[in-house]
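Peer 1: Numbering (my numbering), first residue to last: 31 to 290.
1. Using the rule of at least 16 other Cβ atoms within 10 Å of the residue's Cβ for burial, across every protein chain shown, is residue 193 buried or exposed?
2. Alpha carbon to alpha carbon, how far is residue 112 from residue 173? Give it in angstroms, no decimals.
3. According to DSSP, is residue 101 part of a helix, a strand, or is it coil?
4. Beta-carbon separation of residue 282 and residue 171 under 8 Å?
5. Since residue 265 sits in a beta bridge, which residues does DSSP pair it with?
6. Under the three-state reduction of DSSP, which class applies to residue 54: helix, strand or coil?
7. So what's residue 180 in DSSP terms, helix, strand or just coil?
8. If you follow the alpha helix (DSSP H) that residue 288 is part of, which residue opens it and which one closes it?
9. Measure from the alpha carbon of residue 101 to the alpha carbon of each residue in 72, 83 and 63, then state which is nearest.
10. If we require 3 or more residues per run, which beta strand (DSSP E) segments fall completely within the stretch 108-145?
11. Suppose the cutoff is 6 Å on Cβ atoms and the five residues either side in sequence are ignored; what does the same chain contact list for residue 47 look like?
12. Does the distance from the C-beta atom of residue 185 to that of residue 205 stay below 8 Å?
13. Rounded to whole angstroms, how far is the Cβ of residue 166 from the Cβ of residue 80, which I believe are closer than 8 Å?
14. For residue 123, is the classification buried or exposed, using 16 other Cβ atoms within 10 angstroms of its Cβ as the cut-off for buried?
15. With a Cβ-Cβ cutoff of 8 Å, do residue 250 and residue 51 count as a contact?
16. Does residue 121 pass the burial test, meaning 16 or more other C-beta atoms within 10 Å, or should it be called exposed?
17. Would the stretch 64-76 count as touching the stretch 89-101 if we require 3 or more Cβ pairs under 8 Å?
18. So what does DSSP say about residue 197, is it helix, strand or coil?
19. Alpha carbon to alpha carbon, how far is residue 143 from residue 56?
20. Taking all protein chains shown into account, do 16 or more other C-beta atoms lie within 10 angstroms of the C-beta of residue 273, making it buried, or fewer, making it exposed?
21. Return helix, strand or coil for residue 235, following the three-state DSSP convention.
22. Do residue 201 and residue 262 have their C-beta atoms within less than 8 Å of each other?
23. Once DSSP output is grouped into helix, strand and coil, what is the label at residue 96?
24. Are there any heavy atoms of the ligand ZN lying less than 7 Å away from the beta-carbon of residue 99, as far as the coordinates show?
25. Rank 190, 219, 266 and 285 by C-alpha distance to the C-alpha of residue 247 and give the top, closest one.
26. Which partner residues does residue 59 have in the DSSP bridge list?
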């Protein structure tokens, strides 16, 4: 490697993505439901209690849309366009039989998460039983998950906004082990490259950037003086199974992620 290439590599390695907090304002919340009128206030009370930390930043307006009579997906989109909420709160399988709950999210939620730019918070269906004891009590254990954590200021900012003061924000980043192994297998076929060195250095580099970003988030959120503890979970593995394990292991109250 020439001296210029060495300098460029050293320069790039020293460059770090620093956390830059993004403005998050949640003043209007739209709750989409399929409940009969006698149960609507109870669900509103449940949602407000679970998201009580939002009220600490100022007054929040809550609006209910829906009912026990079936409504079209388009009517939900019209309600979003009319009310222009900062957050949509709903749950899986609106107007579906319980037998369908194990499959998908339901047409209404699918469209909301794909056809709008408004964040959607999905709660367990009100009729679901056997929820973990910690569920829907508060948001003192929030996890943000992504496969490109370093530089994802917006995701981290939203996740921190939902974390109660004094709570823990978990920043999870899982590098796909299958993809990593595929590249290492390719390297083994190149005689000029030492496989063991490449494996160790590439893995270290892939994990160092998100770990450095977690440290930057920890420092940046400390300035906000809300007492939020930042816990980084960065590893090489299988994303779906590892994220599920992290959620169960840490009894996560709220998961923040991208849907598109």
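We treat Cβ as the ideally placed atom computed from N, Cα and C, and that holds for glycine. As the structure is a computational prediction, the values presented were derived from the model and not from experiment.
Peer 2: Reading off the structure:
1. Answer is buried; the Cβ neighbour count reaches 16.
2. About 31 Å.
3. DSSP places residue 101 outside both helix and strand once states are collapsed to three, so it counts as coil.
4. Going by beta carbons, residue 282 and residue 171 fall inside the 8 Å limit.
5. The secondary-structure analysis by DSSP pairs residue 265 across a beta bridge with 204.
6. Of the three classes helix, strand and coil, the one that applies to residue 54 here is coil, per DSSP.
7. Looking at residue 180 - three-state DSSP - the assignment turns out to be coil, as it is neither helix nor strand.
8. Counted as a single uninterrupted DSSP element, the stretch harbouring residue 288 is not any alpha helix (DSSP H), since DSSP gives it neither H nor E.
9. Of the candidates 72, 83 and 63, the one whose C-alpha sits nearest the C-alpha of residue 101 is 63.
10. The stretch 108-145 contains, as complete beta strand (DSSP E) runs of 3+ residues, the segments 117-121 (chain order).
11. Counting only residues of its own chain and dropping the five nearest sequence neighbours on each side, residue 47 has a CB closer than 6 Å to the CB of 180, 181 and 243.
12. Judged by beta-carbon spacing, residue 205 lies beyond the 8 Å limit of residue 185, meaning their Cβ atoms are not closer than that value.
13. So it is a contact: roughly 5 Å between Cβ atoms.
14. Classification for residue 123: buried.
15. Yes, the pair counts as a contact, with Cβ atoms nearer than the cut-off.
16. Residue environment analysis places residue 121 among the buried positions, since at least 16 neighbouring C-beta atoms fall within 10 angstroms of its C-beta.
17. Because the criterion of three Cβ pairs below 8 Å is met, the stretch 64-76 and the stretch 89-101 touch.
18. Here DSSP, grouped into helix, strand and coil, assigns residue 197 to coil.
19. Spanning the alpha carbons of residue 143 and residue 56 requires a straight line of approximately 18 Å.
20. By the 10 Å Cβ count, residue 273 comes out buried.
21. The three-state reading of DSSP puts residue 235 in helix, counting H, G and I together.
22. Using a Cβ distance threshold of 8 Å, residue 201 and residue 262 count as a contacting pair.
23. Strand at residue 96.
24. Ligands are entirely absent from the displayed structure, and the ligand ZN is therefore not among its contents.
25. The shortest CA-to-CA distance from residue 247 to any of 190, 219, 266 and 285 is the one to 190.
26. Beta-bridge partners assigned by DSSP to residue 59: 92 and 117.
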